[in-house]
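There are 2 protein chains.
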Amino acid sequence: MAFNELANIDKSITRRRRESLLGQRGAVVWFTGLSGAGKSTLANALEEWLNEKGKLTYLLDGDIMRTGLSQDLGFSHDDRMENIRRIAEVSKILVHSGVICISAFISPYRESRELARRVIGEDDFYVIYVSTPLAVCEGRDPKGLYMKARQGVIPEFTGVSSPYEEPVDPNLILDTSQHDIDACLKLATEMIRAAGVIG
Amino acid sequence: MAFNELANIDKSITRRRRESLLGQRGAVVWFTGLSGAGKSTLANALEEWLNEKGKLTYLLDGDIMRTGLSQDLGFSHDDRMENIRRIAEVSKILVHSGVICISAFISPYRESRELARRVIGEDDFYVIYVSTPLAVCEGRDPKGLYMKARQGVIPEFTGVSSPYEEPVDPNLILDTSQHDIDACLKLATEMIRAAGVIG
Chain A
141 MAFNELANID KSITRRRRES LLGQRGAVVW FTGLSGAGKS TLANALEEWL
191 NEKGKLTYLL DGDIMRTGLS QDLGFSHDDR MENIRRIAEV SKILVHSGVI
241 CISAFISPYR ESRELARRVI GEDDFYVIYV STPLAVCEGR DPKGLYMKAR
291 QGVIPEFTGV SSPYEEPVDP NLILDTSQHD IDACLKLATE MIRAAGVIG
Chain B
141 MAFNELANID KSITRRRRES LLGQRGAVVW FTGLSGAGKS TLANALEEWL
191 NEKGKLTYLL DGDIMRTGLS QDLGFSHDDR MENIRRIAEV SKILVHSGVI
241 CISAFISPYR ESRELARRVI GEDDFYVIYV STPLAVCEGR DPKGLYMKAR
291 QGVIPEFTGV SSPYEEPVDP NLILDTSQHD IDACLKLATE MIRAAGVIG
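As they're listed, the protein sequences go chains A and B. The numbering used here numbers the first residue of the first sequence as 141 and each following residue consecutively. The numbering used here numbers the first residue of the second sequence as 141 and each following residue consecutively.
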């Protein structure tokens with residue numbers, strides 16, 4: 141076959157073929173909630189559970205983004221929105237690769253979660269609102285961030301000096317002060333199974 | 141298990157486990173060369189071949205980047221470098237997901253390819269230089285871009301009014317005016333097999 145015959149060849153490996161190879165549907169499971177609510181814990185538990193079932197996952201979090209793709213961004217409103225946009229664009233590429241992308245970001249603004257939904261696409265975007273009350277999150281304070289926020293050392297800290305806007309219509313709400321990790325995990329896996337992400 | 145016991149849990153699904161699940165090693169195969177050299181054709185052929193072998197791939201190209209993650213960037217030197225940096229950061233995430241990421245970009249500057257290598261990591265980055273001579277590329281001119289560049293309609297067009305800096309030490313050189321697609325594909329697959337990307 142000569143090269144110029146192939147100039148207009150389509151991209152032939154489509155998303156569906158990748159998903160068929162993997163036996164799963166590419167999707168984004170987006171954990172949102174206060175610092176200390178249990179997002180990362182749940183995201184890790186979900187990833188572990190999926191991997192034991194032979195599913196391919198990738199966990200995207202603030203550390204990965206802020207030390208990589210978003211290392212040029214600060215924490216102004218515009219930069220936060222741009223950070224979310226980039227997270228969403230990367231997530232979309234992972235979804236098209238067939239990967240189940242698990243995201244754990246405070247993502248306090250409706251505007252930014254709507255941006256993510258728009259970029260990723262309605263059908264591939266599942267929001268889990270980790271609704272653990274502020275008092276419980278602050279009581280846990282695993283990184284001492286709430287204390288610093290109360291002392292004014294950290295400005296604009298979500299829940300203390302900056303708002304958290306609850307999701308209007310999340311796919312699932314999990315309060316980790318009411319349910320233990322196994323119960324939360326069960327609800328999360330039932331949700332993604334019902335959505336057809338896994339069989 | 142209570143939530144606060146898990147605050148310091150490690151990310152437990154490592155790259156190696158994903159690669160083991162997939163039966164392949166995550167890597168970037170980066171095609172560089174002039175417009176019309178055959179990069180996309182070879183990239184598509186390689187992806188098709190890998191998929192038939194049950195391997196998971198993702199093809200990253202200019203269309204995907206410029207309509208997505210890099211839609212805010214122009215074509216100044218700084219913006220082109222930033223585009224390459226973002227391509228590299230996304231590629232790295234794909235590699236860590238276990239995906240074989242096939243990239244097809246003119247990427248004319250040594251500086252930008254070195255940036256990509258630095259971000260992705262030496263061991264995961266394989267450069268295929270598609271060295272088809274300018275005269276052949278211009279003769280093919282599948283999108284009429286060379287004609288427009290000669291007419292001055294497109295400024296700074298690689299090979300015409302902007303330099304292409306040949307890779308110093310590519311993993312493979314393929315001249316599509318000397319070899320047909322099957323021969324080029326054979327060399328490419330031998331290279332990635334020798335590198336341990338596939339078994």
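For each residue, glycine too, the CB sits at the ideal point set by N, CA and C.
Output yes or no for whether 8 Å exceeds the beta carbon distance between residue i and residue j.
{"i": "Tyr266/B", "j": "Asn311/B", "result": "yes"}
{"i": "Leu199/A", "j": "Ile242/A", "result": "yes"}
{"i": "Val239/A", "j": "Gly166/A", "result": "yes"}
{"i": "Thr197/A", "j": "Ile321/A", "result": "no"}
{"i": "Gly339/B", "j": "Gly163/B", "result": "yes"}
{"i": "Gly176/A", "j": "Pro295/A", "result": "no"}
{"i": "Phe215/B", "j": "Ile227/B", "result": "no"}
{"i": "Phe297/A", "j": "Leu314/A", "result": "no"}
{"i": "Arg333/A", "j": "His236/A", "result": "no"}
{"i": "Leu255/A", "j": "Arg225/A", "result": "yes"}
{"i": "Leu213/A", "j": "Val230/A", "result": "no"}
{"i": "Pro307/A", "j": "Arg253/A", "result": "yes"}
{"i": "Leu161/B", "j": "Leu274/B", "result": "no"}
{"i": "Tyr269/B", "j": "Thr172/B", "result": "yes"}
{"i": "Asn191/B", "j": "Met205/B", "result": "no"}
{"i": "Gly299/A", "j": "Cys277/A", "result": "yes"}
{"i": "Asp264/B", "j": "Val168/B", "result": "yes"}
{"i": "Thr272/B", "j": "Gly178/B", "result": "yes"}
Taking DSSP as the reference, what is the three-state secondary structure of residue i?
{"i": "Ile242/A", "result": "strand"}
{"i": "Ser175/A", "result": "coil"}
{"i": "Leu209/B", "result": "coil"}
{"i": "Met141/A", "result": "Summary for Met141/A: the model assigns pLDDT 46, below 50, so the residue's position carries little reliability; its value from the coordinates is reported in the next sentence. Looking at Met141/A - three-state DSSP - the assignment turns out to be coil, as it is neither helix nor strand."}
{"i": "Ala228/B", "result": "helix"}
{"i": "Arg120/A", "result": "Lying before the first or after the last residue shown, residue 120/A is absent from chain A, which here runs from 141 to 339."}
Comparing the C-beta of residue i with each C-beta of chain B, is any distance below 8 Å?
{"i": "Val239/A", "result": "yes"}
{"i": "Lys232/A", "result": "yes"}
{"i": "Leu162/A", "result": "yes"}
{"i": "Leu274/A", "result": "no"}
{"i": "Glu159/A", "result": "no"}
{"i": "Leu209/A", "result": "yes"}
{"i": "Lys151/A", "result": "For Lys151/A, the predicted structure reports a pLDDT of 46, less than 50, and the residue's modelled location is therefore unreliable. A value from the coordinates is still provided. With 8 Å as the cut-off, Lys151/A counts as an interface residue toward chain B."}
{"i": "Leu146/A", "result": "Residue placement at Leu146/A cannot be trusted, given a pLDDT of 43 that sits under 50; what the coordinates show is reported in the next sentence. At least one chain B Cβ lies under 8 Å of Leu146/A."}
Residues bridged to residue i by DSSP?
{"i": "Trp170/A", "result": "Ser243/A and Val267/A"}
{"i": "Ser216/A", "result": "Answer is none; Ser216/A lacks a bridge partner."}
{"i": "Ser302/B", "result": "Thr298/B"}
{"i": "Tyr198/B", "result": "Cys241/B"}
{"i": "Leu186/A", "result": "Bridge partners of Leu186/A: none, in fact."}
{"i": "Asn312/A", "result": "Before going further, note that residue 312/A is Leu rather than Asn in the sequence given. Ile268/A."}
Quick one: does residue i have its CB under 8 Å from some CB of chain A?
{"i": "Glu254/B", "result": "no"}
{"i": "Leu314/B", "result": "no"}
{"i": "Glu330/B", "result": "no"}
{"i": "Glu229/B", "result": "yes"}
Just the chain C side, please: which residues come within less than 7 Å of residue i by C-beta, in chain order?
{"i": "Arg226/B", "result": "In the structure shown, chain C cannot be found, because the protein chains are A and B."}
Can you list, in chain order, the residues of the region 189 to 206 of chain B whose Cβ is nearer than 7 Å to any Cβ on chain A?
Within the region 189 to 206 of chain B, the residues whose Cβ lies closer than 7 Å to some Cβ of chain A are Asn191, Gly194, Leu196, Thr197, Tyr198 and Leu199, listed in chain order.
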